[in-house]
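Going line by line, the protein sequences match chains A and B.
Counting from 119, one number per residue, gives the positions in the first sequence under the working numbering.
Counting from 134, one number per residue, gives the positions in the second sequence under the working numbering.
Here a beta-carbon is modelled for each residue, glycine too, at the ideal position from N, C-alpha and C.
These numbers come from a predicted model, not from an experiment.
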Amino acid sequence: MIAIVDVCSGNLRSVERALAQAGGDVIVTRDPEVVRKADKIVVPGQGAFGVFMRGLVERGLGDSLREAIASGKPYLGICLGLQILFDESEEQGPCAGLGVIRGVVSRLHPGDPALKVPHMGWNRLVQRTRDPMLAGLDDDAHAYFVHSYHAVPVDLSLRIVEAAHGIPITAAIRKDNLFACQFHPEKSQHVGLRILRNFVEAA
Amino acid sequence: MLARRIIPCLDVKEGRVVKGINFVELRDAGDPVEQAAAYDAQGADEICYLDISASPEGRSTIIDVVRRTANQVFAPLTVGGGVRSVADAERLLEAGADKIAVNTAAIRDPALIAACAQRFGSQAIVVAVDAKRKAGGGWEIYSHGGRTPEGLDGLAWCREVADRGAGELLVTSMDRDGTGQGYDTELVRAVATAVTIPVIASGGVGELAHLASGLEAGADAVLAASIFHFGQHTIGEAKAFLAERGLAIRI
């Protein structure tokens, strides 16, 4: 069973539908016990970091997520679901994250006034390494991004996919059982659906 | 590198698709969900619904349309029209919209922009701006679907809403909307220079070259309705044309 963690920050429907379409047995939940029992965890998220983290902590989900991650369960983070893995974010803060990955989430400064923030739209995925989650994607695969803050891991080797927006942006990270992406696979048409299918089909 | 976006817009009234010609003459063209799925299949970068229902009953139908769309379309969805409050925005986002667009309500109560941005993040908040040229130069902001002049300076209002937390601007030229004569590229250029958030150009597309002009004037995305809606061009044709012009496009 795949638990989709609902922190009340908007649209989970597309994630749920896309995973179900890929053959996943999914449940949308706010219950820490369900998260503990799930085989795989998905944390989608959009909105503001502080509001999201508060929602997690108030529901007791922070600890259950840390436990699930530590136990080696496959974890898929999307957007805020990536950012909350880090030590802290500048957004509405500084505000503490789960601290599973060393690094901070900071305001995006592309350095070129022609490049806008939020980084909003389709950008090419620059794949630094091969990863099972990226199986089936070609070199020109684009995905949909929408964010004003970006996560920079201290260990840059965790950043397995980048996107260029004036500076290299963390598009996806991999650390053991964790795969998390800044872009929205549930909004990235066939490219995103393939990534979600890879997650459902992974052992 | 970030690709420029092509956004087909569907005007929806009482749950059905229509296209306003200068916001008055309406033509029915079917189920919005089917249309959105077709645009998705053609590779649209995003889909926009503008709800122009007049009644509260009509407006409630958009929630169902959004829900059904999110069930089968895996592309970004923006919904505008009739959003008056944080609660209105929340209903649409929960139903499956990725972004909501506010227009008249933001003019009546500019604090709504910050309230929505705080709650959902700036990236979910588009402010739609209807601008019309002033006799002495510059642009004036209109509300209520382009009917009511507000006495607000176009560029000053765009800067203000960006400062208040809007994540994106949807800028429609009232002079060009429905004319097929192309975007008001001076307006697009002026707004794109005035703010640091993305700008969507809207109003006036009659041929593919107009999409290129909007992007070349500095728009991050171009929105069009009838050029796609009545089968004049597919999204794929538009993208091939723009890529040929050397613009960054996702094919």
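Span separating the alpha-carbon of residue i from that of residue j
i                : j                : result
Phe167 (chain A) : Ser207 (chain A) : 7 Å
Asp231 (chain B) : Val123 (chain A) : 18 Å
Trp290 (chain B) : Leu183 (chain B) : 21 Å
Leu194 (chain A) : Gly214 (chain B) : 34 Å
Met134 (chain B) : Gly284 (chain A) : 8 Å
His227 (chain A) : Gly191 (chain B) : 42 Å
Ser186 (chain B) : Val145 (chain B) : 7 Å
Arg220 (chain A) : Leu179 (chain A) : 20 Å
Asp353 (chain B) : Glu185 (chain A) : 42 Å
Thr326 (chain B) : Asp286 (chain B) : 15 Å
Gln256 (chain B) : Val309 (chain A) : 22 Å
Gly229 (chain B) : Ser132 (chain A) : 7 Å
Leu233 (chain A) : Lys155 (chain A) : 44 Å
Gly190 (chain A) : Ala214 (chain A) : 23 Å
Ser182 (chain A) : Gly163 (chain A) : 17 Å
Ile274 (chain B) : Ala290 (chain A) : 41 Å
Phe253 (chain B) : Leu216 (chain A) : 21 Å
Asp178 (chain B) : Leu356 (chain B) : 10 Å
Ser224 (chain A) : Gly211 (chain A) : 10 Å
Ile333 (chain B) : Leu344 (chain B) : 11 Å
Gly148 (chain B) : Arg224 (chain B) : 16 Å
Gly271 (chain B) : Cys299 (chain A) : 42 Å
Tyr316 (chain B) : Glu370 (chain B) : 19 Å
Ala171 (chain B) : Ala358 (chain B) : 14 Å
Asp257 (chain A) : Val244 (chain A) : 7 Å
Ile258 (chain B) : Phe263 (chain A) : 15 Å
Ala376 (chain B) : Val175 (chain A) : 47 Å
Leu380 (chain B) : Glu319 (chain B) : 19 Å
Coarse secondary structure for residue i, derived from DSSP in three states
i                : result
Thr202 (chain B) : helix
Arg224 (chain B) : helix
Met307 (chain B) : coil
Cys213 (chain A) : strand
Lys305 (chain A) : helix
Glu176 (chain A) : helix
Asp388 (chain B) : An answer regarding residue 388 (chain B) cannot be provided, because it is not within the stretch 134 to 384 covered by chain B.
Leu296 (chain A) : strand
Leu210 (chain B) : strand
Ala321 (chain A) : coil
Leu233 (chain A) : coil
Leu314 (chain A) : helix
Ser255 (chain B) : helix
Ser132 (chain A) : helix
Ala136 (chain B) : coil
Asp161 (chain B) : Only weak support is given to the placement of Asp161 (chain B): the predicted model assigns it a pLDDT of 46, under 50, and the value that follows is read from those uncertain coordinates. If DSSP states are grouped into helix, strand and coil, Asp161 (chain B) belongs with the strands.
Pro282 (chain B) : strand
Ala371 (chain B) : helix
Val260 (chain B) : strand
Val125 (chain A) : coil
Ile274 (chain B) : strand
Arg192 (chain B) : helix
Ile240 (chain B) : helix
Ile246 (chain B) : helix
Neighbouring residues, chain D, relative to residue i (Cβ below 8 Å)
i                : result
Glu301 (chain B) : Looking for chain D here will not work: the only protein chains present are A and B.
Status (buried if at least 16 other CB within 10 Å, exposed otherwise) for residue i
i                : result
Ser306 (chain A) : buried
Phe361 (chain B) : buried
His277 (chain B) : exposed
Asp173 (chain B) : buried
Val272 (chain A) : exposed
Arg241 (chain B) : exposed
Glu151 (chain A) : exposed
Asp230 (chain A) : exposed
Arg137 (chain B) : buried
Met238 (chain A) : buried
Gly336 (chain B) : buried
Thr247 (chain A) : exposed
Arg280 (chain B) : exposed
Phe297 (chain A) : buried
Cross-strand partners of residue i (DSSP beta bridge)
i                : result
Ser207 (chain A) : A:Cys213, A:Val223
Ala281 (chain A) : A:Ile287
Pro271 (chain A) : A:Gly221
Leu183 (chain B) : B:Asp144, B:Gly213
Asp178 (chain B) : Beta-bridge pairing links Asp178 (chain B) to no other residue.
Arg149 (chain B) : B:Lys146
Lys265 (chain B) : B:Glu273
Ala234 (chain B) : B:Gly213, B:Val259
Ile382 (chain B) : B:Arg137
| task | Pick out the complete beta strand (DSSP E) segments inside the stretch 291–367 of chain B, 3 residues or longer, and give them in chain order. | result | 301–306, 332–335, 354–357
| request: Go through the stretch 143–201 of chain A residue by residue and report every complete run of the alpha helix (DSSP H) that reaches 4 residues or more, in order. | output: 150–155, 167–176, 179–188, 198–201
| task | Entirely within the stretch 236–263 of chain A and at least 3 residues each: give me those beta strand (DSSP E) ranges in chain order. | result | 237–242
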